[in-house]
Amino acid sequence: MPPAPGPSRLLAALLLVCAAGTASAASMSAASIRIGEAVLEPVPFSALPGFSADDLAASLATFRATCAAPAGPVLAEAAPGAPSQDLAAACAAAAGVPPEGARAFFEANFSAHRVLRPARDAVAERTSGFLTGYFEPELEGSRVATPDFTVPALARPDDLVSLEPGETRPGLDPTLRAARRDGDAFRPYPDRAAIEDGALGARARPLIWLRDAVDLLVLQVQGSGRVRLPDGRRLRLAYDGRNGRPYTSVARLIVTGGHLPLEGLTLARWTGWLRANPDVARDLIRRNASYIFFRLDDATPEGTGPKGAAGAPLTAGRSLAVDATLWRYGLPFWLDGTLPEPEGGTVPLRRLVVALDTGSAILGPARGDLYLGTGARAGAVAGLLRDSARFVVLLPKVVPPSQGAAPVVAPPAETGAAP
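Just so you know, the sequence shown maps onto residues -25 to -1, 1 to 394 in mature numbering (1 follows the signal peptide of the UniProt record, and there is no 0).
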C-alpha cells in the first residue's frame, strides 16, 4: 500500500529505508508496493549487475513458452492489494520479438522491483532471499515388480481431490491441500505411512517399480523423472497430484538428528546414508507425510524438460518455482547470487528466469527453486544450491486502456545478450 501524503509519507519512506538497509529515501517513495511480507522497491534495469550481458534471448523463449501454455488458475491475483500481474499484453508483444530484441522487449514491457523484507532482523536477510535447486532424476525401474524393483510409483487415485491455495472443503482442515472424496463428503487423504501400509487398497495402481524407497523419495521430492527400463527404453514420469499433507525434508531430519552435518551435504551423500541405514531410513522417510502421485508423460518431446505447474516445459537454468499464492506463473525474476560447482567452489549467478512451477516447500516472496536440468550433474548442483540470492521481480507495465496493447519492440541496433 502507498504511504499517506504529507509528513506521514516521508516518515513511512524513512522507516522503509532503515528496514531495507540499502534503499534511499527517494527510491522508497509512494511507488513502493507490498506483496506478502515484502516491499517491492522500483529499481532501474541499469542497476541490475550483469543484466546487459545475460542471454536474455533464452529468457524470452522461456517466457513465450509460458504464454503458449494452457491457462491455469491465477492464484496470485487473489491476494489483497497485490500488484497487477496480468501478462496478456506482454505475451502479445512477445510474439513478434526476434532474439536480438529480447533486452529491449523486457525493458519496454516490464518494470523491475527489488524484493525487500523489512520485517527481518538482520540487514542481509532484508535484502536477500533463499534460492534452492531441483532437477529431473534418471532412475532405473521396471513395468512389473521383480526382486530388483520392489517399490511402486503410484498413479493418481480416482478419489483424490486437489485443492488450490485458499480453497477449502466443509469439515476439512484448511491447512490440507487435498481431500479424499467419500460420497458427498470429504475426508483427509491418507499420509505417507498409511499409503505404504495399504490404505489405498485397489486404488493403489503402480505405474513403475523402482529399486527402493530412496529412489521413490528422490522422484517425489523432484516431482518428475526419467526411468530406464531393463530393455533400454526410457519413460518419463510427470507429477499428477499429492495427498495434500505437509512436506517434511528428510535431508533436514538427517541433519537435525545428528546423523550427518549440513556442511557438504549433497544429494549423493544423504541418499547414500539412507541406503546404508535402512531401518532408520524407513522411519525418517515415513515422517514426511506428503506423498506424490504420477502419470506417464508420452507427449513431452525428447530433449525438452518436464512440464511445470504452469503447463509449459521447464528450461534448465531459466525456470523458477515460486510461491504461487503470491506470484503468477510467467513473471520474470532477476536472480543475483552464486551457483555451486560440483567440483567445488561457486560461480556468479546473475540471470533472468521465469516463474513456471511451484512446490509445497516454496513459501514466501523471496523464495525460489531453480530448475537445473536432467541427470547426475544437475542433481549434484541442485543438492548443493542453498544461496541467499537477491530477487528482483519484473512486473508488467500497466497500460492505460486508451493506449491499447503493450508496446511492440523493434529489434535494436545491437543485441544486449552476451555472445
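Here a beta-carbon is modelled for each residue, glycine too, at the ideal position from N, C-alpha and C.
Where does residue i sit, in a helix, a strand or coil, going by DSSP?
i, result
"T102", "helix"
"A188", "helix"
"S2", "Its pLDDT being 39, under 50, S2 is placed unreliably in this model, and the value from its coordinates should be taken loosely. Residue state, collapsed to three classes: coil."
"R325", "strand"
"E75", "helix"
"P253", "helix"
"T246", "helix"
"T333", "coil"
"V368", "strand"
"S86", "strand"
"S59", "coil"
"residue 404", "Residue numbering for the chain in the displayed model covers -25 to 394; residue 404 lies beyond these limits and cannot be assessed."
"D258", "helix"
"residue 399", "The requested residue 399 does not occur in the structure, where the chain is confined to residues -25 to 394."
"P35", "Per the sequence shown, residue 35 should be read as Leu rather than Pro. DSSP places L35 in helix when its eight states are reduced to three."
"V230", "helix"
"A40", "helix"
"A169", "helix"
"G216", "strand"
"V225", "helix"
"G176", "helix"
"A13", "strand"
"P236", "coil"
Is the distance from the Cβ of residue i to the Cβ of residue j below 7 angstroms?
i, j, result
"A13", "R92", "yes"
"A336", "V297", "no"
"L185", "V126", "yes"
"V373", "W309", "no"
"G232", "F268", "no"
"L259", "L240", "no"
"L306", "P340", "no"
"T290", "T37", "yes"
"R152", "L138", "yes"
"L194", "G200", "yes"
"L347", "A355", "no"
"T246", "V189", "yes"
"G278", "P288", "no"
"V299", "T333", "The question names Val, yet the displayed sequence has Ala at residue 299. The answer is yes: Cβ separation under 7 angstroms."
Beta-carbon of residue i versus every beta-carbon of chain D: anything under 7 angstroms?
i, result
"L135", "Structure shown: chain D not included; a single protein chain is present."
Can you give the beta carbon distance from residue i to residue j, rounded, assuming they're within the 8 angstroms contact cut?
i, j, result
"G350", "R326", "Actually they are not in contact, since the Cβ atoms of G350 and R326 sit about 20 angstroms apart, beyond 8 angstroms."
"A77", "S34", "7 angstroms"
"R211", "E113", "Contact doesn't hold; Cβ gap of about 10 angstroms is too wide."
"S294", "V328", "7 angstroms"
"R178", "D134", "6 angstroms"
"P317", "R352", "6 angstroms"
"L182", "L242", "Contact doesn't hold; Cβ gap of about 23 angstroms is too wide."
"S103", "P17", "Actually they are not in contact, since the Cβ atoms of S103 and P17 sit about 19 angstroms apart, beyond 8 angstroms."
"A213", "D123", "That pair is no contact at about 24 angstroms."
>> Under 8 angstroms, with one C-beta from each stretch per pair, do the segment 59 to 68 and the segment 104 to 111 reach the 3-pair mark?
In response: Here the segment 59 to 68 does not lie against the segment 104 to 111, with fewer than 3 beta-carbon pairs under 8 angstroms apart.
> Hey, which unbroken runs of the alpha helix (DSSP H) at 4 residues or more fall wholly within the segment 98 to 156?
Replying inline: Within the segment 98 to 156, the complete alpha helix (DSSP H) runs of at least 4 residues are 98 to 102.
>> Below 8 angstroms, how does it come out for the segment 211 to 227 and the segment 257 to 273: are there three or more Cβ pairs, yes or no?
In response: yes
>> Ignoring anything shorter than 3 residues, give me the beta strand (DSSP E) runs that lie fully in the segment 273 to 304, in order along the chain.
In response: 294 to 296
> Does the count of Cβ pairs from the segment 28 to 47 and the segment 67 to 78 closer than 8 angstroms reach three?
Replying inline: Yes: the two stretches touch, three or more of their Cβ pairs being nearer than 8 angstroms.
>> Assess contact between the segment 156 to 173 and the segment 140 to 148, defined as three or more Cβ pairs (one per stretch) separated by less than 8 angstroms. Is contact present?
In response: Counting C-beta pairs closer than 8 angstroms gives three or more between the segment 156 to 173 and the segment 140 to 148, which meets the contact rule.
>> Extract the residue ranges of the alpha helix (DSSP H) inside the segment 338 to 363, only unbroken runs of 4 or more that lie entirely within it.
In response: Runs found: 351 to 359.
> Within the chosen definition, does the segment 358 to 366 reach the segment 312 to 324 through at least 3 CB pairs nearer than 8 angstroms?
Replying inline: yes
> Is the segment 274 to 290 touching the segment 242 to 251 in the sense that three or more CB pairs, one from each, lie closer than 8 angstroms?
Replying inline: Segment contact: the segment 242 to 251 against the segment 274 to 290, fewer than three CB-CB distances shorter than 8 angstroms; contact not assigned.
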